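Structure first, commentary second.
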Amino acid sequence: MNNVPDEEQVGDNQTEEAAETHAGGDQSISKSANNKYENVDTVADNNTLDGLSELEGWSVDTYAARVHYQGESDRYSIEFYAPSNCVLYWKVKGDGETAVPVGRMTVPDPLRTRIRSDLADAGIDPAVEDRTL
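If you use the working numbering, the sequence shown closes out at 1127, no skipped numbers anywhere.
Written as structure tokens, this is what we have:
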């Protein structure tokens, strides 16, 4: 029932696999002995989330950090994703349960400035705030 050819299967007692590192562009990928891939840069980037967790209002998950801001009439949820090193803005609807992604050019400048400041305070390059996906 296993679709993996015998020569590609790894036995439970196989201990002789060397770690491979593939460098490409700005990322390094390591293949561990158990054939699971780990993005080395992502692991390092996740450590930067610790800085955001120390700032007021920010909450941190495994790979992302989130903060909520409310203006005069609009509410936003802002998320920083360590694996992609980018910021996403979400506009929260009146019910507080629904949010839609919005382009950063529609976000008020004072809020974008605040996010860049928070990133800098956390040791993250504030230029990532302007990075597009």
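Where is the CB? At the ideal position from N, CA and C, for every residue including glycine.
Bear in mind that the values here come from a model prediction, so they are computed numbers and not experimental data.
Taken atom to atom, the span from the alpha-carbon of G1045 to that of Q1064 is near 22 Å. Going by C-alpha positions, V1096 is about 26 Å away from E1048. The Cβ atoms of V1094 and E1123 lie no closer than 7 Å to each other.
Taking a C-beta distance under 7 Å as the contact criterion, H1062 and S1053 do not qualify as a contact pair. At the C-beta level, Y1075 and V1101 stay beyond 7 Å of one another.
R1060 and E1091 have their C-alpha atoms some 15 Å from each other.
Taking C-beta atoms as the reference points, P1120 and L1127 fail to come closer than 7 Å.
DSSP, read as helix, strand or coil, puts E1066 in coil. Looking at I1109, N1079 and K1087, the one whose alpha-carbon comes closest to that of S1067 is K1087. R1060 has S1053 and E1073 as its beta-bridge partners, per DSSP.
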